[in-house]
Amino acid sequence: MKLIIAIIKPFKLEDVKAALAEAGIEGMTVTEVKGFGRQKGHTEIYRGNEYTVDFLPKVKIEVAVADEVAGKAVELIVKAAKTGKIGDGKVFILPLEEVVRIRTDERGEAAV
Amino acid sequence: MRITSAYLRPILISLFLGLLCSLGVRGESAAAAPVVPVALAPTVEQRLASLEAYLANTDPTAALKNARGEIPPGLTTPSAGVAGPGHNAWMMVSAALVLFMTLPGLALFYGGLVRAKNVLSIMGWCLGITSVVTVLWWAVGYSLVFGKSFDSAYLGGSEHFFLKGVGGAPNPNYSFWVSHNVFAMFQLMFAIITPAVIVGAVVERMKFSAVLAFTVLWVLLVYCPLAHMVWGANGLMNGLANPAASIKAIDFAGGLVVEMASGWSALVLCIVLGPRLGFGKTPMPPHSLVLCMVGTGLLWVGWYGFNAGSAVAADGIAGNAFMATTIAAAVAAGTWAGLEYYLRGKASVLGFCSGAVAGLVAITPACGFIDATAAVWVGLAGGTLPFFACTKLKGWLRYDDALDVFGVHGVGGTIGMLLTGVFADVAINGNLATHLSASVGRTLWIEQLKGMGVALALAVGGTLAIALVLRATIGLRPTIEAEQEGLDLTDHGEHGYIYDASNI
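As given, the protein sequences belong to chains A and B, one line each in that order.
Take the first sequence: its position 62, counting from 1, is numbered 1508 in the numbering used here, and each next residue is one higher.
Take the second sequence: its position 207, counting from 1, is numbered 267 in the numbering used here, and each next residue is one higher.
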């Protein structure tokens, strides 16, 4: 199993969600986050006082999937979240040791 | 025939009734005349002239004077000693508008510019100042400014302490047609907003108790004397109304008393207090420019009461002040934002707001004396010099005038006072011809400079003394922990915003 963590532009969330749903992946956890990579922040000026805003708002999506679906899911996320401009974000793929569905005590791929 | 009689009947009836009435009146006067001596009554001409004085905003008793310029004892007219409804109505509206500038205009304008943890603090200051100054004004303040028992060019008198003798009849020293109590309340609103303007420089880092103590001392020691000097009938610098004034300066709505006094006092107070914790290192951006913009709109509208109301009448001079105020504010707002666009490519909302307020400040002393074109010039200057004071000068000198009270009110008021001396025009305000015909359009600006020097010295000296005394006694600043936590919680025990009920 894999845990896919994708950091994307906030306005791309709906596209990514729809693309994953089409592939049958319907569960995810979404968090509003802030960060920066190569895309620099911006400067705000209030009556001559300059403030550099380094951390830009992003959305973090976490999806747990079975190994055979992982490649397809990553591909869909990348395709849906791409604008081609700096700041599109990143996808991290991590090995996932165990999953438990709390309601039924199911474990492993049955639970993802 | 029928038509004629239908017309004739009412005429005949009214003729009959008219005759009856005249007989009755005749009979009455014939019977009364020998018993009661004829009372001293104004002629119809005199009564008409008294009423016309209402239209011209002049003295209703002037028409009663005889050839020697005296009013015969016992002679009066129904128009004397009463408030003129139109003038009185406008002044009550104006007073309410000026209060509206503070509550909530200034509270929102300032509140939006501070960080979210201090938004209630500045609003609490505006409310606290309103309460404290109102009580002070009732007790002694009004009398110290507009009384005359001290017979002094520097301070009023004690005869109106506790608003004694301040009733519905006009006080002819200041207005022939506006109730004395309305005039006193109108002036109170100026005394409220002035300290409220000052404290914008020291937001986020002054104790609530220190703000209130400062307000009491500042109003007594700086505002009252200065307002008497500028607006008191026998004031030192009241060039418009006092022929004996040593400095024949003019200030229509408070360029000296409100704007310069608050701006320069703010500069001194913020320097004595020192910068906010983390100033220059931690970002301190405004938490809501939306509130700030709403506040700006309220200030602008309220300023019509402040400026046009300062005519103390609903007359043509008030109309001119209304026009000049509008023009200068709009021009200055566009100028400030235009400079931003020219210098860095974006016209900001805060730029429009700051420019509008700076323009309103600059036109304040001038609005009742200058024409529309001069108002454009005042707007241009009011949008330009404060812009550079806020965006450049403050950065060079490194003082933490948090909300740019000095940059906007100090600099804007100073330039406005000077330009008033340059542009004042007898054709706009005929009162300028009474005592100032020799200087208007020539040397008036020199008198303005002298007045500005006195106001500046009093504001700087008075504020410095008060701030140092308070710092040595009750202390000015909150604890470092309180400042970090935010004054909303530490001074008032409240949060401005509760987004998430689970955080309570």
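We treat Cβ as the ideally placed atom computed from N, Cα and C, and that holds for glycine.
Bridge-paired residues (DSSP) for residue i
{"i": "L1449(A)", "result": "A1510(A), L1540(A)"}
{"i": "H1488(A)", "result": "V1499(A)"}
{"i": "E1478(A)", "result": "V1505(A)"}
{"i": "I1454(A)", "result": "V1505(A), G1535(A)"}
{"i": "S239(B)", "result": "P230(B)"}
{"i": "R1553(A)", "result": "V1546(A)"}
Reference residue i; option with closest CA among the options
{"i": "F466(B)", "options": "T136(B), L445(B), N117(B)", "result": "L445(B)"}
{"i": "M1447(A)", "options": "T1550(A), D1551(A), V1545(A), R1549(A)", "result": "V1545(A)"}
{"i": "Y283(B)", "options": "A309(B), G315(B), N148(B), K452(B)", "result": "G315(B)"}
{"i": "V290(B)", "options": "L277(B), F206(B), G376(B)", "result": "F206(B)"}
{"i": "L358(B)", "options": "A156(B), L115(B), A143(B)", "result": "A156(B)"}
{"i": "L215(B)", "options": "A293(B), V142(B), Q247(B)", "result": "A293(B)"}
{"i": "G362(B)", "options": "L135(B), L166(B), R107(B), T136(B)", "result": "L166(B)"}
{"i": "L196(B)", "options": "G365(B), Q247(B), A525(B), A122(B)", "result": "Q247(B)"}
{"i": "V332(B)", "options": "L440(B), Y234(B), R537(B)", "result": "R537(B)"}
{"i": "G225(B)", "options": "S203(B), S235(B), I182(B), D211(B)", "result": "S203(B)"}
{"i": "A1556(A)", "options": "F1538(A), R1493(A), D1513(A)", "result": "D1513(A)"}
{"i": "V1479(A)", "options": "G1470(A), E1508(A), E1521(A), A1465(A)", "result": "E1508(A)"}
{"i": "T356(B)", "options": "P133(B), T121(B), T162(B), P120(B)", "result": "T162(B)"}
{"i": "E264(B)", "options": "G171(B), N380(B), I307(B)", "result": "G171(B)"}
{"i": "V1476(A)", "options": "R1549(A), G1470(A), P1456(A)", "result": "P1456(A)"}
{"i": "V482(B)", "options": "G129(B), A441(B), D464(B), S235(B)", "result": "A441(B)"}
{"i": "K452(B)", "options": "T103(B), G535(B), E400(B)", "result": "E400(B)"}
Same chain only: Cβ atoms within 7 angstroms of residue i, ignoring 5 sequence neighbours per side
{"i": "G87(B)", "result": "Bear in mind that the predicted position of G87(B) carries a pLDDT of just 43, short of 50, making it unreliable; the figure below should be weighed with that in mind. If we look at G87(B) and ignore the five residues flanking it on each side, it has no Cβ neighbours."}
{"i": "M152(B)", "result": "V242"}
{"i": "A176(B)", "result": "H347, G556, Y557"}
{"i": "A484(B)", "result": "I310, F429, I430, L492, V500, L504"}
{"i": "N231(B)", "result": "H240, F243"}
{"i": "K1528(A)", "result": "D1534"}
{"i": "A92(B)", "result": "Because A92(B) sits at a pLDDT of 47, beneath the cut-off of 50, its placement in the model cannot be relied upon, and the following sentence gives the value as read from the coordinates. There are no such residues."}
{"i": "A287(B)", "result": "V205, V317"}
{"i": "C81(B)", "result": "Since pLDDT at C81(B) reaches only 46, below the 50 mark, its modelled position is unreliable, and the value read off the structure follows with that caveat. Nothing listed; no residue qualifies."}
{"i": "M353(B)", "result": "V409, C413"}
{"i": "L180(B)", "result": "D548, H552, E554, G556"}
{"i": "G295(B)", "result": "A213, H288, M289, N302, A305"}
{"i": "V1499(A)", "result": "G1487, H1488, E1490"}
{"i": "W360(B)", "result": "A389, A416, L420"}
{"i": "Q1485(A)", "result": "L1502, I1532, G1533"}
{"i": "L281(B)", "result": "G522, I526"}
{"i": "I182(B)", "result": "A167, Y170, G171, V174, V263"}
{"i": "K125(B)", "result": "I131"}
{"i": "A1519(A)", "result": "I1450, L1466, A1469, I1471, V1509, V1511"}
Own chain partners of residue i with C-beta closer than 8 angstroms, once the 5 adjacent residues on each side are dropped
{"i": "M320(B)", "result": "H469, G470, G473, T474, M477, M512, A515, L516, A519"}
{"i": "N148(B)", "result": "W237, V238, S239, V242"}
{"i": "A199(B)", "result": "F221, F222"}
{"i": "P255(B)", "result": "I189, V193, F274, T275, W278, V279, Y283, S322"}
{"i": "D1461(A)", "result": "A1526, A1527"}
{"i": "A229(B)", "result": "G141, V142, A143, S239, H240"}
6 angstroms CB neighbourhood of residue i in its chain, flanking five on each side removed
{"i": "W185(B)", "result": "V259, V271"}
{"i": "G546(B)", "result": "K177, N178"}
{"i": "S209(B)", "result": "G217, S218, E219"}
{"i": "K1463(A)", "result": "none"}
{"i": "Y267(B)", "result": "The sequence as given places Lys at residue 267(B); Tyr does not occur at that position. Once the five neighbours on either side are set aside, the close Cβ partners of K267(B) are P538."}
{"i": "A1516(A)", "result": "K1448"}
{"i": "G369(B)", "result": "S154"}
{"i": "L337(B)", "result": "E543"}
Practice prompt. Entirely within the segment 97 to 139 of chain B and at least 4 residues each: give me those alpha helix (DSSP H) ranges in chain order.
Written response: 104 to 116
Practice prompt. Could you name each continuous alpha helix (DSSP H) segment of 4 residues or more that falls completely within the segment 1491 to 1547 of chain A, going from the start of the chain to the end?
Written response: 1513 to 1527
Fill in: Cβ-based contacts, 9 angstroms cut-off: residues of the segment 1475 to 1489 of chain A near chain B
none
Discussion item. Taking beta-carbon pairs under 7 angstroms, can you tell me which members of the segment 153 to 175 of chain B lie near chain A?
Written reply: none
Discussion item. Short of 8 angstroms Cβ to Cβ, which residues in the segment 439 to 459 of chain B face chain A?
Written reply: C450, T451, K452, K454, G455
Worksheet item: What are the complete alpha helix (DSSP H) segments, minimum 4 residues, inside the segment 416 to 451 of chain B?
Response: 432 to 448
Discussion item. Closer than 9 angstroms between beta carbons: that is the criterion. Which residues of the segment 396 to 426 of chain B meet it against chain A?
Written reply: E400, R404, K406, S408, L410, G411, S414
Worksheet item: Between the segment 1488 to 1507 of chain A and chain B, which residues of the former have CB atoms less than 9 angstroms from a CB of the latter, in chain order?
Response: E1490, I1491, Y1492, R1493, G1494, N1495, Y1497, T1498, V1499
Item to complete: Anything in the segment 323 to 349 of chain B with a Cβ closer than 8 angstroms to a Cβ of chain A? List those residues in chain order, please.
Response: P343, M344, P345, P346
Worksheet entry | Members of the segment 462 to 492 of chain B that neighbour chain A once the beta carbon cut-off is set at 7 angstroms | D464
Worksheet item: At what residue ranges does the segment 253 to 305 of chain B contain a whole run of the alpha helix (DSSP H), taking only runs of 4 or more?
Response: 268 to 278, 284 to 291
Worksheet entry | In chain order, each beta strand (DSSP E) run of at least 3 residues that lies wholly inside the segment 305 to 369 of chain B | none
Practice prompt. Would you mind listing the beta strand (DSSP E) stretches within the segment 444 to 530 of chain B that are 3+ residues and don't spill past its ends, in chain order?
Written response: none
Item to complete: Jot down the residue ranges of each uninterrupted alpha helix (DSSP H) in the segment 186 to 226 of chain B, minimum 4 residues, whole runs only, in chain order.
Response: 202 to 206
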